[in-house]
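FYI, in mature numbering (1 follows the signal peptide of the UniProt record, and there is no 0) the residues of the sequence shown are -23 to -1, 1 to 363.
So the structure is just underneath, and the comments pick up after that.
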Amino acid sequence: MNLWIPFAASAGTLLAIASFVGAGWDAPPVQTEQVGYRGTGMFVHRDVEKQEALKAANVAPPAPWEASPDGDKAGTIYENVQVLGDLSDDQFNQFMASITEWVAPEAGCNYCHNPENLASDEVYTKVVARRMIQMTQTINTDWNSHVGATGATCYTCHRGQAVPVSYWYKDMEPKPAGNMTQNRAGQNVVAKFAGNSSLPQNALMDYLLNDKPIRVHTLTALPSGTNPAGVKETEGTWSLMMHMSESLGANCMTCHNSRAFNDWDQSPPQRVTAWHGIQMTRALNLTYMEGLTPVFPDTRKGPEGDVFKVGCGTCHNGVQKPLYGASMMDAYRDSLGKKGATDVPDFSTYQPGTTQTLAPGRQSAIPAPAGTALAAIPGAQKSASD
Ligand code: HEC
Ligand code: HEC
Ligand code: HEC
Ligand code: HEC
């Protein structure tokens, strides 16, 4: 008797049920928004139930109190204030209270400080926090092309946690078994930083840390021998695009017209903002996150020993504009809206438990691309302005 028939039928039924009720299946109702011209099929779909949870999770907290900019400066009152010296005492205290709420609400001041000596840098989190202040200042001064006037604070990423919810690192798991499976080129496993697809699992290393070209499109119908990108490169680009879509809770249509993924003229203006976002995220990882490698303990690194890095989701947390576009900058313009007069520290000689003084001078970082870089994107300037 053909026993396999009832087995196959029941397995098939179970699979069908699982695919409807299992994780990743969006049950109706679904909200649909038209984002392009009629007839181009440009719709963004959102699960209505998930929107409620996202709205509740993405609310900007108010400043603990309004700080007066008058009075002696923190730089003269305290012993070891290297970045925020220009703040008034009231502003400085308000800032310390705020970062405590944003980063370590349960542990309090002692998460970064030795309570016996607040000037000491012996707790590594204080050294990290100082560099994070510089990073946030850079976001708000050099990257208006992405964050606009809305800007970012520590809360944009941290949300009341020492380590933000969303970050990425070099992912080599599961390790190949060996022999012929040795080199799977990062494919055919669940890529957790690319929307759990089976696309290349370390594409973010290529695009959000290194600057591998993202463009893969050929503009001629027949091969002309001028486009070096093949299927492999295209899958890498796709993997990055999955990360971007997942991070923003958006689909490809938010930034593209799918009839011509390459064409800037047919793309929504969000794509230009996203282009700057890619440059910014890369610069933050290269200059700030990677630079902190010697300071972070092993428990704060990925299995391959690299620091946790910033992705689009680190700020966006599943919505198209972080905190739905609410700006927290008004209360923090003096602390996070301009750069302090200190240079990039050299952490390569970092000794845990010691106080390291940063060299005075302008903060330097990988410069934001000037207008010329944007001009290199055909149509970019146009769509940025309309
Ligand atoms: C997330 C880490 C973090 C938390 C939490 C934190 N601080 Fe700080 N604190 C810093 C950093 C970084 C500096 C140095 C700033 C600079 O160099 O510009 C600093 C400096 C100080 C100083 C100056 C000490 C000196 O003499 O140089 C005081 C005072 C201070 N913090 C008080 C507090 C208080 C009070 C709290 C709790 C309400 C607190 N801090 C919570 C990171 C933190
Ligand atoms: C663009 C996103 C982003 C912003 C903005 C940001 N951080 Fe972070 N921060 C991170 C990431 C990612 C990590 C985790 C790195 C790791 O653990 O390897 C981190 C780690 C830290 C840690 C170390 C926590 C620990 O337990 O090891 C501290 C402290 C910290 N940030 C403070 C701050 C402060 C203070 C600000 C604002 C001045 C800030 N951060 C702004 C992304 C951000
Ligand atoms: C948040 C905006 C955004 C989303 C969402 C997005 N993309 Fe992109 N995409 C971009 C940007 C920006 C570029 C150009 C990057 C560059 O040129 O450096 C790009 C480039 C591409 C390219 C290469 C175009 C070329 O010139 O070769 C392809 C293909 C692509 N995206 C496909 C997708 C797919 C498929 C999705 C959905 C899974 C998607 N994108 C989602 C912003 C986005
Ligand atoms: C440092 C935090 C931060 C990071 C990291 C970040 N963004 Fe953003 N992004 C913002 C802020 C803030 C805004 C809102 C700007 C505004 O209100 O004008 C924004 C806006 C956008 C928009 C415009 C949305 C709209 O509807 O107008 C797009 C698209 C976008 N980001 C894509 C990306 C992509 C793609 C990445 C990763 C490559 C990324 N962002 C990384 C902070 C960030």
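For every residue, glycine included, the Cβ atom is placed at its ideal position computed from N, Cα and C.
Note that the structure is a prediction, hence the values are computed from the model and not measured.
* Between the beta-carbon of D49 and the beta-carbon of D67, is there less than 8 Å? -> no
* Quick one: what's D24 bridged to in DSSP? -> V7
* Asked: So the alpha helix (DSSP H) H135 belongs to, where does it begin and stop?
  -> C131 to H135
* To do: Take G290 and list the residues in its own chain whose beta-carbon comes closer than 6 Å to its own, dropping the five residues that flank it on each side.
  => S143 and S224
* **L217, buried or exposed, once every other Cβ within 10 Å from all chains shown has been counted against 16** => buried
* G288 beta carbon less than 8 Å from that of H220 -> yes
* Can you pull the DSSP bridge partners for S65? -> K50
* **Residues near N173 by beta carbon distance below 7 Å, same chain, minus five either side** => V167
* With DSSP as the reference, label residue 376 as helix, strand or coil. => Past the boundaries of the shown model lies residue 376; the chain is included only from -23 to 363, so the question cannot be answered.
* Asked: Looking at the structure shown, is K103 part of a helix, part of a strand, or coil, going by DSSP?
  -> helix
* Does the separation of the CB atoms of G254 and H135 fall below 8 Å? -> no
* Asked: Using the beta-carbon count (16 or more within 10 Å), is F20 buried or exposed?
  -> exposed
* For residue 370, collect the residues of the same chain with a Cβ closer than 7 Å to its Cβ; drop the 5 residues on either side in sequence, then sort them by chain order. => Shown here, the chain extends from -23 to 363; a query on residue 370 therefore has no answer.
* Asked: Is it the case that the CB of A308 approaches a heavy atom of ligand 4 more closely than 7 Å?
  -> no
* Label P355 either buried or exposed according to how many other C-beta atoms from any shown protein chain fall within 10 Å of its C-beta, with 16 as the threshold for buried. => Caution applies to P355, whose pLDDT of 38 falls short of 50 and renders its modelled position unreliable; the model cannot decide the point.
* Length of the line joining the Cα atoms of A(-16) and N165 -> 26 Å
* To do: May I ask you to check if the CB of M112 is nearer than 7 Å to at least one heavy atom of ligand 2?
  => yes
* Range covered by the alpha helix (DSSP H) that runs through A251 -> Q247 to L261
* Please report the residue range of the alpha helix (DSSP H) in which K169 lies. => Element bounds for K169: n/a, residue is neither H nor E.
* Asked: Can you check whether the CB of G125 is closer than 8 Å to the CB of N117?
  -> no
* Whole angstroms is fine: what's the gap from residue 450's alpha carbon to S97's? => Residue 450 cannot be examined here, being either before or after the span of the chain that is shown, -23 to 363.
* **Proximal residues to A342 (C-beta, below 6 Å), its chain only, five neighbours per side dropped** => Low confidence applies to A342: its pLDDT is 47, below 50, so where it sits in the model is not reliable, and the reading given next is rough at best. The answer, listed in chain order, is T115 and T264.
* Which parts of the stretch 178 to 250 are runs of the alpha helix (DSSP H), unbroken and 4 residues or longer, counting only runs that do not cross its ends? -> 180 to 184 and 208 to 225
* Asked: Helix or strand or just coil, what does DSSP make of K286?
  -> strand
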